[in-house]
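**Student:** Protein chains in written order, with the numbering used here: chain A, 414 to 617; chain B, 414 to 617.
I'd like to ask some things about the structure below.
There are 2 protein chains.
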Amino acid sequence: MNSSVISNEALSIFRRGLANFITFDEAEWTEFILHLSYKVIKKKDHFSVKDKICNDIGFIINGSVRYYHVKDGTEITGYFSFENEFVSSYKSYLTQQASTGYIQALEQTDLILISRKSMDLMLESRLLGYKMERFGRLVAEYYICCYEDRIASFITKTPEERYLKMLETEPEIMQRVPQHYVANFLGITPVSLSRIRKRILIYA
Amino acid sequence: MNSSVISNEALSIFRRGLANFITFDEAEWTEFILHLSYKVIKKKDHFSVKDKICNDIGFIINGSVRYYHVKDGTEITGYFSFENEFVSSYKSYLTQQASTGYIQALEQTDLILISRKSMDLMLESRLLGYKMERFGRLVAEYYICCYEDRIASFITKTPEERYLKMLETEPEIMQRVPQHYVANFLGITPVSLSRIRKRILIYA
DNA sequence: CCAAAACGTTAACAAAAGATAAGAAATTAT
DNA sequence: ATAATTTCTTATCTTTTGTTAACGTTTTGG
């Protein structure tokens, strides 16, 4: 692998981010980083593409991405990931089936990658196996919590309420992402979000 | 624990259901079932309640449940689980924080329970630990795939399309669940679902 | 630096969904 | 068995959203 090209700074950012889930001793870390690689994606280039298997989990050192689907020829953005977050077409990575959507860099994005092959090797590894099982479990459980909230918001909230909640809990999204992508993310059209914003302004 | 009261039939159903994720040898199974308990919930009784921590994962041997939130005094049903599926206020179970919703039996429901305490013990166990880490990972990953599809359907589909998709992929829901619950599940009101059904009938 | 593309707002109209209420049908409970 | 409750449909009206298009502004790329 090409771990040699990963800067110490990037590795240390990654290690800190991982600490939310798992910590490694030095021997483990040394073996672990042998399985990593580094990638820089230019703005608008894709991390993952429809109809292809997504073979990596990325960890964003710098930059941001959007997930989108194409329906009737138009792109519909479903989600974003920023620094210190993971990025993957998770279902495709897990099931090794073709992805149904795209992941595209919103700006130049630097990533540390764990390939599916590396992950499988680590899961079988004497030294790392146990810890990687746990790591995988904790990451998956973390995303389950996020997804649960997101689904609940679609069920129980109006688009306007979802927008207000988003301003409250993740206001940085509005700063970093074009508004029409945010509209899709909220499950509405860009025109509709513009109207909602106007409505709210009047009472603010 | 009270594994003694679990019928062999229920245990064997459970073991078959688990086989989608993990298989146990006899020694493991013997230890594993010591951590299980059995519960029968009467129709309309609750498996999990808002503002309380959900301390169990259930596996449905018989029956069905619905998940719902209460908003402005009205119940909004977000999901269902049936035989051979797990049931839990998953985020609450994982984070050990109060649940934000309810889980209620739609009919008399028989469950095998794994308490959070038992799960933690098994995760620490010499014999079972490794396997339970993997089990937890695979179950969480499975639900991530489900949730990803569900979120995508909210982003990319109209209510009518979601309804048609549901008829296609999980038609049994319409058979077993009151229609106004299904409406909530689709993110719309019962009146709206009734109209959609009428619209579709005309062209069918 | 300039042309092209992308972005956000607004308007006008159509379509869909929400709210409320009423009534029929089915289910449940006593 | 029948009274009560739940469920589904339908109607009316209001609100919201979708659609399309136009316009000005900003950003991007060559």
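The C-beta atom is built at its ideal place from N, Cα and C for all residues, glycine as well.
Starting from His482 (chain A), trace the beta strand (DSSP E) in both directions and tell me its first and last residue.
**Tutor:** That run of the beta strand (DSSP E) goes Val478 to Lys484.
**Student:** In three-state terms, what does DSSP make of Met414 (chain B)?
**Tutor:** Per-residue confidence for Met414 (chain B) stands at a pLDDT of 48, beneath the threshold of 50, marking its modelled position as unreliable; no derived number is given.
**Student:** According to DSSP, is Asn468 (chain B) part of a helix, a strand, or is it coil?
**Tutor:** Note: Asn468 (chain B) maps to coil in three-state DSSP.
**Student:** Can you list, in chain order, the residues of its chain whose CB lies under 8 Å from that of Ala423 (chain B), leaving out five sequence neighbours each side?
**Tutor:** So the list reads Tyr451, Ile474, Asp523 and Ile525, once near-sequence residues are dropped.
**Student:** Would you check if the distance between the CB atom of Asp469 (chain B) and the CB atom of Ile527 (chain B) is smaller than 9 Å?
**Tutor:** Yes, they are a contact pair.
**Student:** Scan the segment 545-557 of chain B for residues whose Cβ lies nearer than 7 Å to a Cβ of chain A and list them as they occur along the chain.
**Tutor:** Taking 7 Å as the Cβ-Cβ cut-off against chain A, the residues of the segment 545-557 of chain B that qualify are Glu546, Arg547, Gly549, Arg550, Ala553, Glu554, Tyr556 and Ile557.
**Student:** Apart from the five residues on each side of it in sequence, which residues of its chain come closer than 8 Å, Cβ to Cβ, to Tyr492 (chain A)?
**Tutor:** Arg479, Tyr480 and Phe598.
**Student:** Which residues, taken in chain order from the segment 485-500 of chain B, show a beta carbon closer than 7 Å to some beta carbon of chain A?
**Tutor:** Those residues of the segment 485-500 of chain B that come within reach of chain A (Cβ to Cβ, closer than 7 Å) are Ile489 and Gly491.
**Student:** Closest to Leu614 (chain B) by C-alpha separation, out of B:Leu577, B:Gly600 and B:Glu585, would be which residue?
**Tutor:** Comparing Cα positions, the closest option is B:Leu577.
**Student:** Output needed for Glu441 (chain A): all residues of its chain with C-beta closer than 7 Å, excluding positions within five of it in sequence on either side, in chain order.
**Tutor:** Same-chain partners within the cutoff: Leu540, Leu541 and Lys544.
**Student:** Kindly indicate which three-state DSSP category Asp533 (chain A) falls into: helix, strand or coil?
**Tutor:** Reduced to three states, the DSSP call for Asp533 (chain A) is helix.
**Student:** How far does the beta strand (DSSP E) with Lys455 (chain B) in it reach, from first residue to last?
**Tutor:** No beta strand (DSSP E) holds Lys455 (chain B); DSSP gives it neither H nor E.
**Student:** Roughly how many angstroms lie between the CA atoms of Asp464 (chain B) and Tyr560 (chain B), to the nearest whole one?
**Tutor:** In a straight line, the C-alpha of Asp464 (chain B) is about 23 Å away from that of Tyr560 (chain B).
**Student:** Any Cβ of chain A within less than 9 Å of the Cβ of Thr443 (chain B)?
**Tutor:** It does not: the Cβ of Thr443 (chain B) has no partner Cβ on chain A nearer than 9 Å.
**Student:** Tell me the DSSP bridge mates of Phe493 (chain A)?
**Tutor:** A:Arg479.
**Student:** Since Ala596 (chain A) meets chain B, which of its residues come closer than 9 Å, beta carbon to beta carbon?
**Tutor:** Chain B residues near Ala596 (chain A): none, gap ~11 Å exceeds 9 Å.
**Student:** Under 9 Å between C-beta atoms, does Met414 (chain B) make it to chain A?
**Tutor:** With a pLDDT of only 48 at Met414 (chain B), under 50, the local geometry of the prediction cannot be trusted, and no value is derived from it.
**Student:** Thinking C-beta only, is Leu551 (chain B) closer than 9 Å to Ile446 (chain B)?
**Tutor:** Cβ distance not < 9 Å, so Ile446 (chain B) and Leu551 (chain B) don't count as in contact.
**Student:** So, is Arg575 (chain A) buried or exposed, given that buried needs 16 or more other C-beta atoms within 10 angstroms?
**Tutor:** Buried, because 16 or more other Cβ atoms sit within 10 Å of the Cβ of Arg575 (chain A).
**Student:** Which same chain residues, not among the five before or five after Ser461 (chain B), have their C-beta less than 6 Å away from its C-beta?
**Tutor:** The answer, listed in chain order, is Cys467, Ser502, Ser512 and Ile516.
**Student:** Leaving out five residues on either side along the sequence, give the residues of the same chain with a beta carbon under 8 Å from the beta carbon of Leu354 (chain A).
**Tutor:** There is no way to answer for residue 354 (chain A), as the model of chain A reaches only from 414 to 617.
**Student:** Is Ile601 (chain B) buried or exposed, if buried means 16 or more other CB atoms sit within 10 Å of its CB?
**Tutor:** The residue in question, Ile601 (chain B), is buried, as its Cβ has 16 or more Cβ neighbours within 10 Å.
**Student:** Specify, as a first and last residue, the run of the alpha helix (DSSP H) that Ser538 (chain B) falls within.
**Tutor:** That residue, Ser538 (chain B), is in no alpha helix (DSSP H); it is neither H nor E in DSSP.
**Student:** Can the beta-carbon of Val590 (chain B) be found less than 9 Å from the beta-carbon of Gln521 (chain B)?
**Tutor:** It is not a contact, given that the beta carbons lie outside the stated cut-off.
**Student:** Check for me: the beta strand (DSSP E) holding Gln623 (chain A) runs from which residue to which?
**Tutor:** Lying before the first or after the last residue shown, residue 623 (chain A) is absent from chain A, which here runs from 414 to 617.
**Student:** Assuming Ile557 (chain B) contacts Tyr556 (chain A) under a Cβ cut-off of 8 Å, what Cβ separation, rounded to an integer in Å, is found between them?
**Tutor:** Ile557 (chain B) to Tyr556 (chain A), Cβ: 6 Å. Contact.
**Student:** Which whole-angstrom value is the C-beta distance of His482 (chain B) and Thr569 (chain A), which I expect to be below 8 Å?
**Tutor:** Their Cβ separation, rounded to whole angstroms, is 5 Å, which keeps His482 (chain B) and Thr569 (chain A) in contact under 8 Å.
**Student:** Under 7 Å between beta-carbons, which chain A residues line up against Thr508 (chain B)? List them in chain order, please.
**Tutor:** Those are Cys558, listed as they occur along chain A.
**Student:** Name the residue from B:Asn433, B:Ser538, B:Ser566 and B:Leu534 whose alpha carbon lies nearest to the alpha carbon of Ile489 (chain A).
**Tutor:** Closest by alpha carbon: B:Ser566.
**Student:** So what does DSSP say about Thr571 (chain A), is it helix, strand or coil?
**Tutor:** Thr571 (chain A): coil per DSSP, three-state reduction.
**Student:** Quick check: is the beta carbon of Arg429 (chain B) nearer than 9 Å to any beta carbon in chain A?
**Tutor:** No, its Cβ sits nowhere closer than 9 Å to a Cβ of chain A.
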